[in-house]
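Scroll down for the structure; my scribbles are underneath it.
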Ligand code: C5P
Ligand code: MG
């Protein structure tokens with residue numbers, strides 16, 4: 012398997028780029044945000060619980076998301092690899108993911124970290140609010156999601172950095188240009204593997 016994490020603040024383009032990456036590298040897209048929104052839409056107990064946190068821009072507890080990811084991995088062990096989008100969001104989640112993959116004889120090869128200025132993030136998320144109507148894409152919640160990223164999630168980059176797996180990529184500009192930069196980083200990783 013070849014597994015990667017796509018990382019970055021809300022609005023950095025993780026979902027958009029994941030769609031292009033799965034086509035190019037034949038990976039499975041595992042987006043914890045998408046899974047949680049699916050649970051919310053179906054009004055499952057997990058969805059109803061997650062809704063309260065997502066609407067405030069807070070994080071769903073580690074044990075819940077880790078269990079969710081574990082199940083998805085085990086249902087898809089026949090895949091060539093995964094791209095993890097929106098997960099891990101805490102160092103505890105990153106450690107759990109490493110353990111889960113190690114137990115299945117695989118690993119995260121690289122973490123692609125999309126770097127985008129805060130003004131641009133807010134602009135993109137407000138535009139997405141108009142296009143997709145996501146409840147958590149409103150200014151108050153956006154501000155809190157960025158705060159949670161800066162306070163908690165950004166430390167996950169250091170976690171991967173310590174093991175030489177953190178690749179920062181400029182996430183500003185055209186979607187195709189950003190994708191080219193990401194492919195450059197992934198191909199370099201594949202070549203050295
Ligand atoms: O990844 P995405 O931006 O789609 O996530 C939307 C929301 O889902 C987050 O703001 C957070 O409330 C919740 N979430 C979470 N833990 C994750 C992924 C998403 O709490 N690992
Ligand atoms: Mg997303």
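Numbering (the working numbering), first residue to last: 12 to 204. We treat Cβ as the ideally placed atom computed from N, Cα and C, and that holds for glycine.
- One thing to note: residue 170 has its Cβ within 9 angstroms of the Cβ of residue 105.
- Residue burial annotation: residue 199 is exposed, with fewer than 16 other C-beta atoms found within 10 angstroms of its C-beta.
- Distances from the alpha-carbon of residue 44 to those of 197, 154, 147, 183 put 147 closest.
- The beta carbon of residue 136 lies closer than 7 angstroms to those of 21, 22, 148, 153 in the same chain, with the five residues before and after it left out.
- Comparing alpha-carbon positions, the option among 89, 42, 92, 63 lying closest to residue 76 turns out to be 42.
- Scanning the stretch 108-179 for uninterrupted alpha helix (DSSP H) segments of 4 residues or longer gives 129-143, 150-159, 166-173, listed from N- to C-terminal end.
- Using a C-beta cut-off of 8 angstroms, the stretch 178-186 makes contact with the stretch 109-126, since at least three inter-stretch Cβ pairs fall below that distance.
- As computed with DSSP, residue 39 is found in a beta bridge with 93.
- According to DSSP, residue pairing for residue 18 in a beta bridge involves 124.
- In the structure shown, the three-state DSSP call for residue 181 is strand.
- The chain-ordered list of residues whose CB is nearer than 7 angstroms to some heavy atom of ligand 2 reads 25, 26, 42, 44, 96, 97.
- Between the alpha carbons of residue 162 and residue 187 lies a gap of roughly 30 angstroms.
- In this chain, the alpha helix (DSSP H) harbouring residue 64 covers 56-65.
- Taking 9 angstroms as the cut-off, the Cβ atoms of residue 88 and residue 14 do not count as close.
- Taking a C-beta distance under 9 angstroms as the contact criterion, residue 101 and residue 73 qualify as a contact pair.
- For residue 195, the enclosing alpha helix (DSSP H) has its first and last residue at 186-203.
- Setting aside the 5 residues that flank it on each side, residue 31 is surrounded in the same chain by 190, each with a C-beta closer than 6 angstroms to its C-beta; the list follows chain order.
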